[in-house]
Structure formats: C-alpha cells, structure tokens
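The structure appears below as structure tokens.
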Amino acid sequence: MLDFTLSPEQLEIQRQARDFALKEILPKAAYYDELNVLPIDILKKAFDAGLLNGGIPKKYGGRGLGLIEGVLITEELSAACLGLATSLSDNGLGIEPIILSNKEDLKKKYLTILSKEPKFICFATSEPTMGSDVAGMLCHAAKKGNDYILNGTKYWITNAGIADYMTVFATVDPKSQHEGICAFVVERDWEGVSTGEHIQKLGQRASNTAALNFKNVVVPKENVLAEPGEGFVLAMRTFSRTRPSIGAFAVGAARSAMEFAIDYAKKRQAFGMKLQNYEAIQFKIAEMYQKMETSRLLVLKSAWESDNGMDSTISASIAKFYATEAAFEVASEAMQIAGGYGYTRMFPFEKILRDVRLLMIYEGTSEIQRVIVAGHALGNYKPVMPPLEELAILRSEGTGKMFDDEMKGKTAWRCRMCGYVHYGDNPPDECPSCFFPSTAFKKVWPA
Ligand SMILES: Cc1cc2nc3c(=O)[nH]c(=O)nc-3n(C[C@H](O)[C@H](O)[C@H](O)COP(=O)(O)OP(=O)(O)OC[C@H]3O[C@@H](n4cnc5c(N)ncnc54)[C@H](O)[C@@H]3O)c2cc1C
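Numbering-wise (this note's numbering), the sequence shown opens with residue 881 and increments by one.
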C-alpha cells in the first residue's frame, strides 16, 4: 500500500507548528540573527506548545511522535528561521541516543525530566581536530572503579551554551578507533564541565554553538549510555534518525525562499512587464518548486522507513545531501529573482542563503553522505540486471522474422572484452573485433 496523504492528527501537528513559526519565530528571525543570540524564551514557548522533544515515548511522559510528525514540525519551524530551528531541534538530537539505548534507568531519569520541564540537552561527537571522522575522536574516558573520568574538548556543539545535559561520545583508547568509543549522559553542573564562548558564524546566528570542555569529570556508572565499542554504532544509528530532519530543515528553507521569490516576481516590473511573465523567471520558479517537492518526498520516505522499523541509513543520507544541496540552489535562485534587493538585509533572501549553507556541513557533510551512499551502491545493493558479460545483446541478421523464430536453435557467445556477439555452436578461435582468444567468449543465449 502506498499513501501520500497526511492523517488528520498529522495535519493538526503541522498546523500547530506553522502557527507557532509564523507568530513566534518569523517576526523575530532577523532581529536575533543580527543580535547573534539564541532567544531561550522562544525555546521555552516551543516547549509549552509541545513542539520540543516530540519523539520522547509516551511512557516517559512524551508525545511519542514518529519521525514523520517530527519532520513536519521541523519543516514549519525552519521555514521561519533555520538558526532557531537548529536550536529547537537540537534536543531531539541529544535525546535520540538515549531513546535508542538499552539503558532503562537513564531513559526513566532524563527523558522524564525533559518531558516535564523546559530543559535542554545537546549532542557531542565533534572535536577541534575531527568532525567527519567520528572514530578519530580524542576526548578520553578512563575507567576508574565503576566510574569513568572524562577529559577533553568537544567543539561546534549546538546549544552547548544553554544545555542542562549533554550526550557525550568519548574513547577509552584513541588508537582503537571504533572499538574504543563509548557514550555518556553528562550534566552541566558536574565539576570540571565548562563551556567555550559562542562561536561566530556566517549564518544560523540565532543558534548557539560553542565548545564543551571536560577536566577530570567523574561520570558515574549509571550515566554510561554506551559501553566502549558500542558508542560508534549508537552515534551512527542516531544520525540515521536525525538526518531526515536536516533534510526537513532544507525543505522549509527552500519553501520560504521560493515563496518570497514568487511574491517578488508577481509584483516587480522590468521592461514593462511583471517578472513572472518572463519564461526565464518561470523556469527558475518551476525548478525551485521541483527541488522543494522532490526533497520533501525523500525526507518523508526516510522518516517513514525509520518509523516502520527499517534501516533508513541510505534513504536518510540521500535525503540529507539531496535536500540540502537543492535548498542552497533554490535560495541562490530566489536571490537572483529578487535582483539587487535580494542581496540586501531588507529582504529575507540573504539570510536564508547564509543559513542554508550550513546544512551541507553539519551532521555529516555532503561528501560523507556520498561516501555512505556510494558504499551501499557498490556494496550491499542487489542489482536486478545481469552482469554486463552475461548480457545478451542479440541483433537481427535482417531475416525480417519475429525474435523467437529468428533465434530458434541459435547459440550466441559474447566477448567479455569488447561485447562482440558471435552466433554458432562454438565460440570463434579469436574475436574478430578485439582479437582476444576464444576463452574471452561466454555463452549468453539461450539464457
Ligand atoms: C554550526 C555548527 C553546528 C554543529 N553542531 C554540532 C553538534 O551539535 N554536535 C556535534 O557533535 N557536531 C556539531 N557540528 C560539527 C559538524 O558535524 C562537523 O563540522 C562536520 O561533521 C564536519 O566535520 P569537520 O568540520 O571537522 O570537517 P572535516 O571532517 O575536517 O572535513 C573537512 C572537509 O573534508 C571533507 N572530507 C572529510 N573526510 C572525507 C572523506 N572521507 N571523503 C571525502 N571528503 C571528506 C569534508 O566533507 C569537508 O568538506 C556542528 C558544526 C557547525 C559548523
């Protein structure tokens, strides 16, 4: 069964998020971007409106929303401000490893608090010396009795400046790469935890980004989220669940850019006509629409796979790199349609373009998504077509007969080097096309 309709409940969630985005975020987006500050009051209002932590299961007091509902919310928030959407969605990233873990006590403790109170949790794998290469982390966790002692720095951490809790990935031995990686839930108030200054960025300036530093932080055994050797897989499983949301960021931003461009094209005159009457502008708008729509389909497909218990790693990667690159193109074309005004701060185009650029970098760069998808395409992917050397490219000898009659009783041999097809009971001694010996021939017909 294939169904593209949203349920009444999903439409209601979308409406709630849209109302919130239009009333609480959109009018303030430029202000906080300029101020370079994350407005915590908006995060708290989003919590009150039920738009934060939607994925927490009901048994821990959450809404128990699926990823499909999550991406619907994310698209709406992102359409108003990508920077704020990043910070608003960051709790989802911090929470996901806890939801995916098998640590029931940690779930009960932290998911319950996060359902009840407007508290914040961040997610920390990246460091000053690594981001893509998660297995190359240096932040060190040393076992001491039942506890761990944490030392090191995490960098680029969204909401690090405001987080009450943090999901921290570290290694017991940097040399052991994937096998050494473990994860913990760390509390901000613990001795030895400190935060760096807010990092200045090109876009998404209303989102807080800072470093976390750990100096001899004692992590009790109850707060071990993943034992050494389990942390890397937990981080990758988390990304499979959260990358569709990055795609949804892109869809929301692309939608806004396109809508603003359409509005401008309908009103602006050039050479005595509205811009919308020029085919060059119409084609830009058609391609913007196509990219937004394609991106949304990919995002929803990966969210659907995840909600239905399938491994969504590949679809999430495809959604992420397709949608984020498409959104960058859409934002750039929207600016082009708005001409000089598009480049000014008086209109939203330049902010969207700055904000959208980041989507191709965080939570796995576009290159890393390509590495993942190429690995699948060249590895586990099961082709339907036969290998080229077994492909029977049979041609008529001009008899004018139908295929079955002409080929009846014929045997065909294909040269595995150049593809030449020879008809006969045996292969030729030598290929007449590339001169390879008869051993190069493989029987391809009858199949
Ligand atoms: C604003 C912001 C917020 C962020 N928030 C968080 C957060 O909350 N938590 C967190 O843990 N991290 C966060 N990050 C970090 C982010 O995930 C990393 O920046 C990202 O994964 C890229 O890592 P890097 O910057 O170290 O680049 P590098 O890994 O050094 O890569 C540099 C370049 O080399 C390319 N490259 C690397 N390896 C390969 C390869 N094998 N093949 C081809 N190309 C390759 C990359 O694609 C990139 O173009 C954030 C980053 C930013 C900028």
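Ideal Cβ positions, reconstructed from N, Cα and C, are used throughout, including at glycine.
What span of residues does the beta strand (DSSP E) with A1040 cover, start to end? Your numbering for residue 1040 matches position 160 in the sequence shown. A1040 -> no beta strand (DSSP E), and no H or E assigned at all.
Environment of F1119 [buried if 16+ CB atoms lie within 10 Å]: As a position in the sequence shown, residue 1119 is number 239, starting the count at 1. Looking at its Cβ environment, which holds 16 or more other Cβ atoms inside 10 Å, F1119 is buried.
Assuming E1067 is part of the beta strand (DSSP E), what are its boundary residues? The residue labelled residue 1067 in the question sits at position 187 within the sequence shown. E1067 -> beta strand (DSSP E) spans I1061 to E1067.
Following the continuous beta strand (DSSP E) through N971, name the residue where it begins and the one where it ends. Counting from 1 along the sequence shown, the entry for residue 971 is found at position 91. No beta strand (DSSP E) contains N971, which is instead part of the alpha helix (DSSP H) from L962 to L980.
Nearest-angstrom Cα separation, counted from K908 out to H1078: As a first step, residue 1078 must be located in the sequence shown, where it is residue number 198. As a first step, residue 908 must be located in the sequence shown, where it is residue number 28. Between H1078 and K908, the C-alpha separation is close to 20 angstroms.
Taking a contact to mean a Cβ-Cβ separation below 8 angstroms, would you say V951 touches P1124 in this structure? Reading the sequence shown from its first residue, position 71 is the one you call residue 951. Reading the sequence shown from its first residue, position 244 is the one you call residue 1124. Their beta carbons are under 8 angstroms apart, which means V951 touches P1124 by this criterion.
Around the C-beta of E1107, are 16 or more other C-beta atoms found within 10 angstroms, so that it is buried, or is it exposed? Locating residue 1107 in the sequence shown gives position 227, counting from the first residue. Counting Cβ neighbours within 10 Å, E1107 comes out exposed, since fewer than 16 surround it.
Given G1041, which residues of its chain have a CB within under 7 angstroms of its CB, disregarding the five upstream and five downstream residues? Counted from its first residue, the sequence shown places residue 1041 at position 161. Taken in chain order, the residues that qualify are T1075, H1078, N1088 and A1090.
Count the other C-beta atoms from every protein chain shown that fall within 10 angstroms of the C-beta of I1273, then say buried if there are 16 or more, exposed otherwise. Along the sequence shown, read from residue 1 onward, the residue named residue 1273 stands at position 393. So I1273 counts as exposed.
Around the C-beta of C961, are 16 or more other C-beta atoms found within 10 angstroms, so that it is buried, or is it exposed? Position 81 of the sequence shown, counting from 1, holds the residue named residue 961. Buried is the call here.
Measure the Cβ-Cβ separation of A1130 and A1196 and say whether it is below 8 angstroms. In the sequence shown, residue 1130 corresponds to position 250, counting from 1. In the sequence shown, residue 1196 corresponds to position 316, counting from 1. Their beta carbons are not under 8 angstroms apart, which means A1130 does not touch A1196 by this criterion.
Can you give me the start and stop residues for the beta strand (DSSP E) that W1325 sits inside? Residue numbering aside, residue 1325 sits at position 445 when the sequence shown is read from its first letter. It spans F1321 to W1325 - the beta strand (DSSP E) in which W1325 sits, taken as one unbroken run.
For I1252, I'd like the list of residues in its chain whose CB is within less than 8 angstroms of its CB, leaving aside the five on either flank, ordered along the chain. The residue you call residue 1252 lines up with position 372 of the sequence shown. Residues T1193, I1194, S1197 and G1244 of the same chain have their beta carbon placed closer than 8 angstroms to that of I1252, with the five preceding and five following residues left out of the count.
Can you tell me the Cα-Cα spacing of L923 and Y1223, whole angstroms? Walking along the sequence shown from the start, residue 923 turns up at place 43. Walking along the sequence shown from the start, residue 1223 turns up at place 343. Roughly 29 angstroms separates the two Cα atoms.
Please indicate yes or no: does the CB of Q1084 lie closer than 7 angstroms to some heavy atom of ligand 1? Counted from its first residue, the sequence shown places residue 1084 at position 204. Checking every heavy atom of ligand 1 against the Cβ of Q1084, one is found closer than 7 angstroms.
Rounded to a whole number of angstroms, what is the C-alpha to C-alpha distance between L1092 and F1000? Indexing the sequence shown from 1 puts residue 1092 at position 212. Indexing the sequence shown from 1 puts residue 1000 at position 120. The alpha-carbon atoms of L1092 and F1000 are separated by roughly 15 angstroms.
Assign L915 to one of two classes, buried (16 or more other C-beta atoms within 10 Å of its C-beta) or exposed (fewer than that). As a first step, residue 915 is located in the sequence shown; it is residue number 35 there, counting from the start. It is exposed - the Cβ of L915 has fewer than 16 other Cβ atoms within 10 Å.
Please work out which residues of its chain come closer than 6 angstroms, Cβ to Cβ, to I905, disregarding the five sequence neighbours upstream and downstream, and give them in chain order. Locating residue 905 in the sequence shown gives position 25, counting from the first residue. Correct list, in chain order: A960, C961 and L964.
Bounding residues of the alpha helix (DSSP H) (the contiguous stretch that carries W1070): Counted from its first residue, the sequence shown places residue 1070 at position 190. Bounds of any alpha helix (DSSP H) do not take in W1070, whose DSSP letter is neither H nor E.
Can you tell which of L931, G1189, D1235 and S1186 has its C-alpha closest to the C-alpha of V1210? Mapped onto the sequence shown, residue 1210 falls at position 330. Of the listed residues, the one whose Cα sits closest to V1210 is D1235.
Can we count E1243 as close to ligand 1, meaning its CB is less than 7 angstroms from some heavy atom? Your numbering for residue 1243 matches position 363 in the sequence shown. Correct: E1243 has its Cβ closer than 7 angstroms to ligand 1.
Determine contact between the segment 1318 to 1325 and the segment 1300 to 1310, defined as no fewer than three beta-carbon pairs at a distance below 8 angstroms. yes
Span separating the alpha-carbon of G972 from that of D1143: Taking the sequence shown and counting its residues from 1, one reaches residue 972 at position 92. Taking the sequence shown and counting its residues from 1, one reaches residue 1143 at position 263. Computed Cα separation, rounded: 34 angstroms.
Can you tell me whether M1017 sits near ligand 1, meaning its C-beta is under 7 angstroms from at least one heavy atom of the ligand? Within the sequence shown, the letter at position 137 stands for residue 1017. Checking every heavy atom of ligand 1 against the Cβ of M1017, none is found closer than 7 angstroms.
Backbone CA spacing between F1064 and T1047 [nearest angstrom]: As a working mapping, residue 1064 is identified with position 184 in the sequence shown. As a working mapping, residue 1047 is identified with position 167 in the sequence shown. Roughly 6 angstroms separates the two Cα atoms.
With a threshold of 6 angstroms on Cβ separation, who are the neighbours of F1201 within its own chain once the five nearest residues in sequence on each side are excluded? The sequence position of residue 1201 within the sequence shown is 321, counting from 1. If we look at F1201 and ignore the five residues flanking it on each side, its Cβ neighbours are S1246 and Q1249.
What did DSSP end up calling T1245 once you bin it into helix, strand or coil? Locating residue 1245 in the sequence shown gives position 365, where the first residue counts as 1. The answer is coil: DSSP assigns T1245 none of H, G, I, E or B.
Note down, in chain order, each residue of its chain lying with its Cβ closer than 8 angstroms to the Cβ of W1325, except the 5 sequence neighbours on either side. Residue mapping note: residue 1325 aligns to position 445 of the sequence shown, counting from 1. Excluding positions up to five away in sequence, the list reads A1272, L1274, M1287, K1290, T1291 and A1292.
Per DSSP, C1002 forms a beta bridge with which residues? Sequence index remark: in the sequence shown, residue 1002 carries index 122 (1-based). In the DSSP output, where bridge partners are listed per residue, C1002 has M1046.
For the candidate residues A1004, W1184, E956 and I1037, whose alpha-carbon lies nearest to that of M881? Start at 1 with the first residue of the sequence shown, and residue 881 comes out as number 1. Ranked by how close their Cα comes to the Cα of M881, the residues A1004, W1184, E956 and I1037 have W1184 in first place.
May I have a chain-ordered list of the alpha helix (DSSP H) segments no shorter than 4 residues that lie completely inside the segment 1212 to 1298? 1219 to 1222, 1229 to 1237, 1246 to 1258 and 1283 to 1287
Contact belief for I1127 with A1203 at Cβ below 8 angstroms, rounded distance in angstroms: Residue mapping note: residue 1127 aligns to position 247 of the sequence shown, counting from 1. Residue mapping note: residue 1203 aligns to position 323 of the sequence shown, counting from 1. The identity of residue 1127 in the sequence shown is Gly, whereas the question assumes Ile. Yes, they are in contact, since the Cβ atoms of G1127 and A1203 sit about 4 angstroms apart, within 8 angstroms.
So, at 6 angstroms on beta carbons, what are the nonlocal neighbours of H1016 in its own chain, with the 5 sequence-adjacent residues on each side left out? Counted from its first residue, the sequence shown places residue 1016 at position 136. Per the sequence presented here, residue 1016 reads as Gly, with His not at that position. If we look at G1016 and ignore the five residues flanking it on each side, its Cβ neighbours are M1010.
What alpha helix (DSSP H) runs, 4 residues minimum, are completely inside the segment 1157 to 1201? The qualifying runs are 1159 to 1187.
Under 7 angstroms: does the beta carbon of A1004 sit that close to some heavy atom of ligand 1? Here the question's residue 1004 lines up with position 124 in the sequence shown. The answer is yes for A1004.
For the alpha helix (DSSP H) that contains V1113, what are its first and last residues? Counting from one through the sequence shown, the residue named residue 1113 turns up at place 233. V1113 -> alpha helix (DSSP H) spans G1111 to K1147.
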